[in-house]
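**Q**
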Amino acid sequence: MGTNFYIMSKSKKLMREYFAVETDYGITDEEYEIVDEPYLGYKVHLNKLSVGWRPLFQKHNTIHSFKDLEEFCLKNKNVVGIYDEYGGKYSWQQYFNRVYRHSQRQPEPFKWVYEIDPVFKDSKPTVHVIPCTEQEAEIYMPFCHRIYEEKEKQARKRFKVYERSWSGEKYWEDPDYPFDWTEGEFC
Numbered sequence: 432m433g434t435n436f437y438i439m440s441k442s443k444k445l446m447r448e449y450f451a452v453e454t455d456y457g458i459t460d461e462e463y464e465i466v467d468e469p470y471l472g473y474k475v476h477l478n479k480l481s482v483g484w485r486p487l488f489q490k491h492n493t494i495h496s497f498k499d500l501e502e503f504c505l506k507n508k509n510v511v512g513i514y515d516e517y518g519g520k521y522s523w524q525q526y527f528n529r530v531y532r533h534s535q536r537q538p539e540p541f542k543w544v545y546e547i548d549p550v551f552k553d554s555k556p557t558v559h560v561i562p563c564t565e566q567e568a569e570i571y572m573p574f575c576h577r578i579y580e581e582k583e584k585q586a587r588k589r590f591k592v593y594e595r596s597w598s599g600e601k602y603w604e605d606p607d608y609p610f611d612w613t614e615g616e617f618c
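Numbering (my numbering), first residue to last: 432 to 618.
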């Protein structure tokens, strides 16, 4: 479970300029959707905050880092708003504080196991992480998406479990903050 965050705007021109590609044949590659909640306007997915993970942001045509996002939001603060999936509205400072605070949780040690996951109660064993002592630690929560994926591949080799992993996404870390980024849509 997690909470998704979005930019909302009524400005078609702004959203097309930043979140679409205009060609001689029309508008393509729209990264927005037209919605009627919390009001009729254009919505662009920003990020997700999930328990146990670092904040995960979605790359856009013109936004590749948190500083890019901050610059866009502050420059256009009169025509964009930041909302969570439950309709809560945030000022830039409230949003920044929420995301940054989420990334600053105390690290907790975890190790990889191959067994039936007691949380998801799968019918067959899977490679997953469980809490452990500091001496046994192979990875730490909040999980960095890129590191988690690398360590999961290593654990799959160690346990000789070669089925496909669930991810396959391209992840990278923000250059200025303890946040992660990925390409493509996710929720």
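Cβ coordinates follow ideal geometry from the N, Cα and C atoms, glycine included.
Small disclaimer: the values here were computed from a predicted structure and weren't measured.
#1: Please report the residue range of the alpha helix (DSSP H) in which His559 lies.
#2: Kindly indicate which three-state DSSP category Glu539 falls into: helix, strand or coil?
#3: If you drop the 5 nearest sequence neighbours on each side, which residues of the same chain put their C-beta closer than 6 Å to that of Val530?
#4: Taking 8 Å as the cut-off, decide whether the C-beta atoms of Gly518 and Glu468 are in contact.
#5: Determine the contact status of Leu505 and Trp484, defining contact as a CB-CB distance below 8 Å.
#6: Compare the beta carbon distance of Trp543 and Glu569 with 8 Å and say whether it is the shorter of the two.
#7: My guess is that Gln537 and Thr613 are in contact by the Cβ rule of under 8 Å, so how many angstroms apart are they, rounded?
#8: Excluding sequence positions up to five away, which residues of its chain have a Cβ less than 7 Å from the Cβ of Val560?
#9: Sorted by chain position, which residues of the same chain lie with C-beta nearer than 6 Å to Met432's C-beta, five sequence neighbours on each side aside?
#10: Report the three-state DSSP secondary structure of Met572 (helix, strand or coil).
#11: From which residue to which residue does the beta strand (DSSP E) around Lys474 run?
#12: Just verifying my parser: in three-state terms, what is the DSSP assignment at Asn492?
**A** The answer reads as follows:
#1: Going by DSSP, His559 is part of no alpha helix (DSSP H) but of the beta strand (DSSP E) stretching over Thr557 to Pro562.
#2: In the three-state reduction of the DSSP assignment, Glu539 falls in the strand class, which pools E and B.
#3: Listed in chain order, the non-local C-beta contacts of Val530 below 6 Å within the same chain comprise Pro486, local neighbours out to five positions each way being set aside.
#4: With respect to the 8 Å criterion, Gly518 and Glu468 are classified as neighbours on the basis of their beta carbons.
#5: Result no, Cβ atoms of Leu505 and Trp484 do not sit closer than 8 Å.
#6: Yes. Within cutoff.
#7: Contact flag wrong, Cβ pair sits at about 25 Å.
#8: Taking Val560 as the centre and dropping the five residues before and after it, the same chain places the C-beta of Phe541, Lys542, Trp543 and Ile570 closer than 7 Å to its C-beta, in chain order.
#9: Taken in chain order, the list of residues that qualify is empty.
#10: DSSP places Met572 in strand when its eight states are reduced to three.
#11: Here the beta strand (DSSP E) through Lys474 covers Gly472 to Ser481.
#12: The answer is coil: DSSP assigns Asn492 none of H, G, I, E or B.
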